[in-house]
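S.K.: Let me begin by handing over the structure; questions about it come next.
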Amino acid sequence: MASTVDQNATLERPPLLALYEQMLRIRRFEEHTQELFNSGEVVGTAHSAIGQEAVAVGAGAVLRPDDYIVGHHRSHGHLVARGADVYRMVAELLGRETGYCKGLGGSMHIADVSLGILGCNGIVGAGLPIGVGAALSARVRGTDQVVVVFFGDGAAGQGLAHEAMNLAAVWKLPVVFVCENNGFQLSAEWEEIRPLEDVAARAASYDMPSAIADGNDVQAMLDAMGEAVAHTRATGRPYLLEAKTFRLQQHSMRANLPELRSEDVVRSWWERDPLVRLERQLSDADRAQLDAIRERVEAEFQDALDAARGDAVLAEDQLDAIVYAPAPELPAEPGPGGGRTLGYLGAVNEAMAQEMDADESVVVIGEDVARLGGIFQATKGLHERFGAARVRNTPISEGGFTGAAVGAAMTGLRPIVEIQIFDFVTMAMDAIVNQAAKMRFMTGGQTTIPMVVRGPGGGGVRLAAQHSQSLEAWFAHIPGLKVVVPSGPYDAKGLLAAAIRDDNPVIFIESKSLLFSEEEVPEERYAIELGTAAIKRAGTDVTIIATQGMVTQALRAAGRLSRDGIEAEVIDPRTIYPLDLETIVASVARTNRVVVAHEAVGFCGFGAEVAALVSEHAFDELDAPVLRVSAPHRPMPYQKDLERATMPEADAIVDAVRRLG
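So this is what it looks like as structure tokens:
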């Protein structure tokens with residue numbers, strides 16, 4: 123759909139000399155970076171944007187200071203055009219503490235949240251949904267900010283590109299997608315991997331306006347970006363701009379890749395070098411000014427390099443403090459009681475409702491969470507109570523809407539993402555593991571990611587192998603995530619409230635076997651500190667550490683063992699990470715025997731980690747080896763008797779305790 127908005131007449135165009143200086147600054151930055159890479163001062167890799175300077179400068183010139191940009195792995199130019207400080211960029215490339223990300227991100231991950239630069243990304247296509255999330259944040263907060271997301275022609279082949287554009291179109295969000303189509307993804311030519319000539323043609327599928335611009339002409343880019351941004355700011359709708367351009371260098375600065383592109387093709391694009399084209403447009407009277415600009419740009423980089431070379435590297439003992447944002451201070455939990463019985467799903471629902479009442483930045487997104495209230499009714503009534511802006515149905519695109527939650531969390535919202543069945547989280551692993559978990563660390567602690575990914579996990583309702591997995595150990599392995607596994611309604615309400623208030627990404631798994639359980643739950647708003655275990659039953663002879671539905675089984679086992687004179691202490695960690703090791707070790711010191719029980723398969727499961735930690739921290743207290751009770755190493759069967767046989771129950775715990783002697 124062609125755009126009809128034309129507000130270029132009102133756009134204050136920068137002087138050509140100012141555009142030239144920015145383009146030259148980018149060019150020389152890239153050329154110097156290549157020299158530093160060749161000399162070994164810049165390590166790993168870096169990706170040159172030589173030849174694509176006009177796209178960055180044209181885009182940067184039309185944005186307001188409060189707008190956002192999201193880059194990709196080839197984004198030095200985007201950063202410079204947005205006003206990033208060359209010294210801090212050089213320091214980041216050299217791995218210095220004074221770099222934008224304290225030397226923790228490097229070339230591909232530079233961010234400056236204060237400038238609206240929400241980070242660049244080493245995962246191709248991953249920035250698109252993050253930009254959509256930032257646009258969602260702007261919409262919910264009621265601003266007229268615009269988000270510009272840069273992506274390459276290679277990223278256009280990612281499913282995330284479709285998911286992000288579709289979501290932006292469905293939600294009518296103010297995001298401009300800018301495809302820098304340089305004709306090659308790495309070595310493969312466009313025609314080898316795409317059936318269409320133009321990425322912009324895809325916009326019609328989303329009822330989205332689009333345009334194609336000469337990405338090697340800075341004035342053409344200024345015109346095209348001016349129209350795109352003006353349209354998006356005026357309508358609040360997304361826009362797709364394709365810039366036809368070329369990277370004049372190889373994919374990356376690594377020297378071990380052969381040049382497979384045709385010499386004639388590369389030569390023809392050198393003849394359209396955007397910097398040279400602009401120089402030709404400047405009159406002879408500007409030569410002295412051009413020389414002054416060249417001297418200024420060169421001196422700026424050399425001063426930045428000289429300063430950065432002398433800067434320190436971040437001390438190793440400071441790294442851990444950057445991984446997680448500080449936990450919120452919470453009042454003491456009230457404890458079960460109050461005389462009111464509430465179901466597990468009702469407790470989850472009440473926690474969300476109370477936190478949404480208390481904080482307007484809390485939003486809920488997911489498949490069918492609005493009028494339906496989710497397939498298990500966990501969000502029932504929230505849409506009617508808080509409105510469509512804060513309780514949003516999504517397309518079936520877990521990667522897209524979870525990635526959007528990351529961008530929303532970075533820009534002022536506290537999103538709660540419902541994964542309809544937790545097995546489907548596999549479709550969102552990049553958003554969770556590469557984006558949410560690492561974003562704070564890779565930006566050197568600049569940002570927080572206050573988001574919750576929640577949904578029903580595990581077996582017990584005969585949904586077979588693709589809908590019945592217990593995946594909590596996956597996420598506990600990833601630094602930057604917190605993992606919560608409540609075992610009843612009281613804990614579910616308090617832990618979810620704490621997770622929503624936390625400034626870190628939290629994985630919150632609701633055991634299917636517990637969804638219809640009930641217990642006393644206070645009506646008041648309360649939160650349970652993440653990382654605090656609960657002693658569900660006191661005992662002196664053996665410690666049973668159990669999670670989720672296995673807590674119920676452990677309590678049943680403890681009751682049976684008590685009849686034989688064996689008093690078991692049952693501990694529910696409640697959160698797998700952070701883990702309350704202190705409570706576990708203290709219990710082991712009292713009982714001298716340990717059984718760990720969980721629904722997930724045993725190999726590399728949570729029980730293995732607990733067994734190792736107990737051996738490391740309480741070995742002298744043990745009178746017997748730590749035993750594990752878990753599911754066998756096989757997928758979950760559909761047939762009800764076989765499913766029940768696969769899920770461990772009280773009998774298995776009793777047997778394990780008796781084997782301890």
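Under the numbering used here, read the sequence shown as residues 123 to 783, first letter to last.
Don't be surprised by glycine CBs; every beta carbon is placed ideally from N, CA and C.
If you're wondering where the values come from, they're calculated on a predicted model, not measured in any experiment.
(1) Starting from H195, trace the beta strand (DSSP E) both ways and give me its first and last residue.
(2) For E771, I'd like the list of residues in its chain whose CB is within less than 7 angstroms of its CB, leaving aside the five on either flank, ordered along the chain.
(3) Rounded to a whole number of angstroms, what is the C-alpha to C-alpha distance between I571 and M211?
(4) Could you compute how far the alpha carbon of L677 sits from the alpha carbon of P627?
(5) Less than 9 angstroms separating the beta-carbons of I232 and I239?
(6) Taking the beta carbon of E738 as the centre, do at least 16 other beta carbons fall within 10 Å, making it buried, or is it exposed?
(7) Across which residues does DSSP place L593 in a beta bridge pair?
(8) Fully enclosed by the region 639–705, which beta strand (DSSP E) runs are 3 residues long or longer?
(9) Tell me, to the nearest whole angstrom, how far the beta carbon of A619 is from that of R659; I am working on the premise that it is less than 8 angstroms.
(10) Going by Cα to Cα distance, which pick from A434, R376, A649 and P456 is closest to H169?
(11) Apart from the five residues just before and just after R122, which ones in its own chain have a Cβ nearer than 7 angstroms to its Cβ?
(12) According to DSSP, what are the bridge partners of A719?
(13) Along the chain, where does the alpha helix (DSSP H) that runs through T354 open and close?
(14) Is T126 helix, strand or coil by DSSP?
(15) For G783, which of W391, V716, Y361 and V165 has the nearest alpha-carbon?
(16) From the DSSP output, read off the bridge partner residues of T463.
(17) Please identify the residue among G580, Q568 and A454 whose C-alpha is closest to the C-alpha of V547.
(18) Among Q588, E645 and V748, which residue has its Cα nearest to the Cα of G459?
(19) Sort L289, A260 and R562 by Cα distance to F523 and report the nearest one.
(20) Excluding the 5 residues preceding and the 5 following L436 in the sequence, name in chain order all residues of the same chain whose CB lies nearer than 6 angstroms to its CB.
(21) Measure the C-alpha to C-alpha separation of F563 and S684 and round it to an integer number of angstroms.
(22) Given a cut-off of 9 angstroms on the beta-carbon distance, is the pair V486 and R512 in contact?
(23) For the candidate residues G577, D552, T697 and A553, whose alpha-carbon lies nearest to that of P608?
(24) Within the same chain, show all residues whose beta-carbon is closer than 6 angstroms to that of D585, passing over the 5 residues directly before and after it, in chain order.
(25) Taking the DSSP output, what are the residues bridged to D336?
(26) Around the Cβ of Y612, are there at least 16 other Cβ atoms within 10 angstroms (buried) or fewer (exposed)?
(27) Nearest to E311 by CA position, among L382, R493 and L344, is which residue?
(28) Under a Cβ-count criterion, where at least 16 other Cβ atoms within 10 Å of its own Cβ denotes burial, should S161 be classed as buried or exposed?
(29) With DSSP as the reference, label E143 as helix, strand or coil.
(30) Evaluate contact between the region 292–307 and the region 256–275, counting only Cβ atoms and requiring at least three cross-stretch pairs below 8 angstroms.
(31) So which of E731, S590 and I541 has the shortest CA-CA distance to M573?
(32) Judging by CA-CA distance, which residue of V779, G264, L139 and L637 is the nearest neighbour of T533?
(33) For Y142, which option in G495, A778, T565 and A414 has the closest C-alpha, if you only look at C-alpha atoms?
(34) Can you tell me whether G468 is helix, strand or coil according to DSSP?
(35) Quick check on DSSP: helix, strand or coil for K634?
(36) Restricting to Cα atoms, I'd like to know which of A475, A248, V268 and L764 is closest to A356.
M.R.: Straight from the coordinates:
(1) Looking at the DSSP string, H195 is not in any beta strand (DSSP E), and its letter there is neither H nor E.
(2) Q675
(3) 23 angstroms
(4) 31 angstroms
(5) Yes.
(6) exposed
(7) L593 pairs with nothing; no bridge assigned.
(8) 640–642, 656–659, 664–668, 690–694 and 697–699
(9) Contact check for A619 and R659: beta-carbon distance about 25 angstroms, past the 8 angstroms limit, so the pair fails to qualify.
(10) R376
(11) This structure leaves residue 122 out entirely; the chain is present only between 123 and 783.
(12) A668 and V751
(13) V340 to T357
(14) Its pLDDT being 37, under 50, T126 is placed unreliably by the model, and nothing is read from it.
(15) If we check each option's Cα against that of G783, V716 comes out closest.
(16) As DSSP reads the structure, T463 sits in a beta bridge with E642.
(17) G580
(18) E645
(19) L289
(20) E219, K224 and G225
(21) 48 angstroms
(22) A contact, by the Cβ cut-off of 9 angstroms.
(23) Nearest C-alpha to P608: T697.
(24) Looking at the sequence provided, one finds Leu at residue 585 rather than Asp. Apart from sequence neighbours up to five positions away, no residue of its chain approaches L585 with a beta-carbon distance below 6 angstroms.
(25) K366
(26) buried
(27) L382
(28) exposed
(29) helix
(30) yes
(31) I541
(32) G264
(33) Selection G495, A778, T565 and A414 evaluated against Y142 yields A414 as nearest (Cα-Cα).
(34) Note: G468 maps to helix in three-state DSSP.
(35) helix
(36) Nearest to A356 by C-alpha distance, out of A475, A248, V268 and L764, is V268.
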